[in-house]
């Protein structure tokens, strides 16, 4: 397990770099916002994780309603509830069941697919895209569990204009390793906190939605496509029973200036076509007319709607309410040990040292026998 | 430990003899080397096998030419690519002007307009001037690049008739000119005796002309207009943004392909159904455009007809205009992505760019539907574009009366189709950064630009080729640079041969593009640069670079240590032990010898 973890850390360093380089040419402050993409991932299967599937599917419905079309949504569900005939909102699921793996997820994000992968399974974003990445499932300190078999660690995406929302336990730790600019991250809980489910449905028998997602969706239900609301909304920690965490240091514009439609919803920059190109009529007509007919204003260039600033208080990162920690001495000791281990800077030398110690132990023990 | 020493002979009893030889400290025979040899041989064979083991677990990495990649990046960044262009000005009917002086004046004007910065895609200009006096004597600057036969352009009869005919005749006049290197652009200024107003027209090929009377007096203005034509029209293509190469108006996919997807949307088929003969317009009207743009992008065309496709924005009835109005503020919400399933292309591969062109036929409840501009006027085209996405044209049926019976199925008439294609061509030009209309206005005056059946005039295609060459080379250099940095930073990642080949060919194509550019072949450099970019993207996005399980040192160790560590431990220890034993036995033998000698 030890080696597995190390390997995965290196894997994800690789992914960070791949992504950095993939999108290297795309980061420019003058690129216009052309379209929005959404990647919605649910990483846990089985019936008792119904609420994770429900989180993802409700967000899928919201995102569609606000204007992002199916072609620009990549939906990865680890279990097939969307295609159940009892479901009211059938979804177009791109990756389902056992196709939801860390490898496929990373392939979607880095764009390195095999040649035969159809367009609907690819993230075809360009330089002007804004991408919403929503992940839900079981997670922990700096990792997210994929289908009980793999982990996605916090060395993660690096892209221009990316909004990551994660609804798992200790979600904020997944953003610890982000470094590139242009990433805005929202997590449902801090390190050491759990994210809780909202309510139980007695018919189904399991919880149906998580709190963070529930309050987020409640916010979006009140919006429509013409709205100008900004992303700066506060989550009440008492209702969430955890502290929602915003990581905004990598994203340039202030959160209250970012309209929700930047990531949720469809946006098109439009330019009016002033005149037709008379390639064919010039063959017939007399073209000796002087060219001073008044023509319309050139390039009715429309930018996105002007954002009116929402004057909401920014008390997102309040730390008044901490979750209850167990007062058990064993866990405190473990926590202390963990703290100490975290302080060690150079993990590599320690690993190499311990390998050397192991060799010595092997030699000594085999010589004694 | 077995002892093979002999027992010492107890019978020899000499006075003062040695006591019984102690077996633990002496031996009478030389110790053998066999044991030591065996163990050290085994150890040695282990050690000698190590390099073979190392080689067999080596990561296969194909060698990438890092140095070449770096030099390409440096070249692209430091020396922006410039193309050789020749400008030729012919002044007809000017008596008293010296061609060399004219040339320097035009050069000054050009320099002033281009500014100090040399951006990628701009021209390395060489100017030549010919002056034809009213009595048909010519003088020209030296060296003469063009064999303009003096007197071919007649002062009085020039400019009469249709502009198209004038353009054709000019083409014949200059057809003998090969120009030095690069293409030659020419401006003919004709000073008529009596007169008309000044008229400036830019033709479909590479010629422009300015006709008027009394031009000799307004000489400075004439020179200014000539420089304007050279720089703003021929060099920059009439585009406003001359400086940065923005990807916003370069809708070519990274594999060099572009798919034009045409859709006819019947928003409510219960009112009326329209169909179109797309095959005809594809063959007749779109094929020349596709062919003209071949060096820049490999274009393919698809079409479909959709039904039940309402739009998602709203429109209101305007009594004065007697039609339904939608405004420019509604445009971003016009495209109803949920119901318009446009992206059903089967022919587009992963990295091609798709441009959607939609002809929207409104339903009976919103007929006729017109677009109102912010200045209260009604749009003439009823269309708009979204950069990098495509364009929409709203086409109203002839009559908005619904038949009481079942919905009528109609075909759009060829004349209407032609008009629609004209609007589409305007939109297509807009998507590439040009203007959709055929006039160009500057401070000194306006120029009429003749439209070409191929959607773009020859000089516009030149501008496109130059800009796209720049963009493609820049993108190729960036991608290759990222790839080389990535590969160098992860020394244990496998690099397949295919990637190495693609990088090699990409560099070759990039060099070819640069050399073609310096020789003045615009379209050949555009196609080579397109190939370079496509190969670089293929290499960078190769699926094998995404191997989630590449071989780290820990992995190697974890796999091989259960095999080798226990055995190696034992072998080494055995050798050491034998060595120690040998030394002990040797010491024992030596003590016995000394004892024997002492005795």
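Protein chains in written order, with the numbering used here: chain F, 119 to 487; chain Y, 3 to 601.
Quick reminder that beta carbons are idealized off the backbone N, C-alpha and C, glycines included.
Q. What residues in its chain sit with their C-beta under 7 Å from that of residue 444 of chain Y, if we drop five residues either side in the sequence?
A. Closer than 7 Å at Cβ, skipping near neighbours: 230, 234.
Q. Under the DSSP definition of a beta bridge, which residues are partnered with residue 355 of chain Y?
A. Partner(s): Y/260.
Q. Cα separation between residue 498 of chain Y and residue 73 of chain Y?
A. 23 Å
Q.
Does residue 562 of chain Y come out as helix, strand or coil in the three-state DSSP assignment?
A. Helix.
Q | Cross-chain neighbours of residue 544 of chain Y in chain F, by beta carbon under 9 Å | A | For residue 544 of chain Y, the chain F residues whose C-beta falls within less than 9 Å of its own C-beta are 230, listed in chain order.
Q | Residue burial classification, residue 468 of chain F (beta-carbon count within 10 angstroms, cutoff 16) | A | exposed
Q. So which residues on chain F does residue 345 of chain Y lean against when the C-beta distance must stay under 7 Å?
A. In chain order: 189.
Q.
Run through chain F and tell me which residues come within less than 9 Å of residue 92 of chain Y, C-beta to C-beta.
A. The contacting residues do not exist; residue 92 of chain Y stays about 22 Å from chain F at best.
(Q) Taking CB distances under 8 Å as the criterion, tell me whether residue 396 of chain F reaches chain Y. (A) yes
(Q) If distances are taken between C-alpha atoms only, which option among Y/48, Y/322, Y/466, Y/203 comes closest to residue 531 of chain Y? (A) Per the Cα distances, Y/466.
Q: Work out the CA separation of residue 359 of chain Y and residue 345 of chain Y for me, nearest whole Å.
A: Straight-line spacing of the CA atoms in residue 345 of chain Y and residue 359 of chain Y works out to 11 Å.
(Q) Between residue 33 of chain Y and residue 587 of chain Y, how many whole angstroms is the CB-CB distance? I'm expecting something under 8 Å. (A) 4 Å
Q. Residue 390 of chain F touches chain A at which residues, Cβ-Cβ below 9 Å?
A. Annotation note: the requested chain A is absent from the structure, which comprises protein chains F and Y.
Q.
One question on the structure: do residue 498 of chain F and residue 311 of chain F come within less than 8 Å of each other, judged by their Cβ atoms?
A. Here chain F has residues from 119 to 487 only, and residue 498 of chain F is not among them.
Q. Going by Cα to Cα distance, which pick from Y/506, Y/301, Y/268 is closest to residue 413 of chain Y?
A. Y/268
Q. Would a check of beta-carbon distances place residue 473 of chain F closer than 8 Å to chain Y?
A. yes
Q | Assigned exposure category for residue 169 of chain Y - 16 Cβ within 10 Å defines buried | A | buried
Q | Close-in-space but distant-in-sequence residues of the same chain around residue 325 of chain Y (CB under 6 Å, 5 per side omitted) | A | 370, 372
(Q) For a test of the three-state rule: what should DSSP assign to residue 439 of chain F, helix, strand or coil? (A) Residue placement at residue 439 of chain F cannot be trusted, given a pLDDT of 32 that sits under 50; the coordinates are not used to answer.
Q: Go ahead and pull the three-state DSSP assignment for residue 581 of chain Y.
A: helix
Q: Return the residue from the list Y/189, Y/202, Y/547, Y/153 that minimises the CA-CA distance to residue 501 of chain Y.
A: Y/547
Q: Could you tell me the distance, in whole angstroms, from the CA atom of residue 311 of chain Y to the CA atom of residue 199 of chain Y?
A: 51 Å
Q. For residue 230 of chain F, is the classification buried or exposed, using 16 other Cβ atoms within 10 angstroms of its Cβ as the cut-off for buried?
A. buried
Q. Which stretch, first to last residue, makes up the alpha helix (DSSP H) that contains residue 328 of chain Y?
A. Segment 325-329 is the beta strand (DSSP E) holding residue 328 of chain Y; no alpha helix (DSSP H) there.
Q. Alpha carbon to alpha carbon, what distance is there between residue 194 of chain Y and residue 216 of chain Y?
A. Taking the straight line joining both Cα atoms gives about 7 Å.
Q: Compare the C-beta of residue 431 of chain Y with all C-beta atoms of chain F and state if any pair is closer than 8 Å.
A: yes
Q) Are there 16 or more other CB atoms within 10 angstroms of the CB of residue 156 of chain F, so buried, or fewer, so exposed? A) buried
**Q.** Short-range partners of chain F found in the region 392-404 of chain Y, where Cβ spacing is below 9 Å
**A.** 393, 394, 395
(Q) Within 10 Å of its beta-carbon, does residue 390 of chain Y have 16 or more other beta-carbons around it, so buried, or fewer, so exposed? (A) buried
Q. Name the residues in the region 209-239 of chain F whose C-beta lies less than 8 Å from a C-beta of chain Y; which are they?
A. 220, 221, 224, 225, 228, 229, 230, 231, 232, 233, 235, 237
Q) When the cut-off is 8 Å and only beta carbons count, does residue 478 of chain F lie next to chain Y? A) Chain Y, which has no Cβ nearer than 8 Å to the Cβ of residue 478 of chain F, makes this no.
(Q) Against chain Y, with Cβ distances strictly below 8 Å, would residue 243 of chain F count as a contact? (A) no
Q.
Quick check on residue 564 of chain Y: buried or exposed, where buried means 16 or more other Cβ atoms within 10 Å of its Cβ?
A. exposed
Q. Where are the beta strand (DSSP E) runs, 3 residues long or more, that stay fully inside the region 140-210 of chain Y, in chain order?
A. 140-142, 186-194, 201-204
Q) What first and last residue would you give for the beta strand (DSSP E) that runs through residue 666 of chain Y? A) Within the shown structure, residues of chain Y are numbered from 3 to 601, placing residue 666 of chain Y beyond reach of any answer.
Q. Can you tell me where the alpha helix (DSSP H) with residue 424 of chain Y in it begins and where it stops?
A. 416-433
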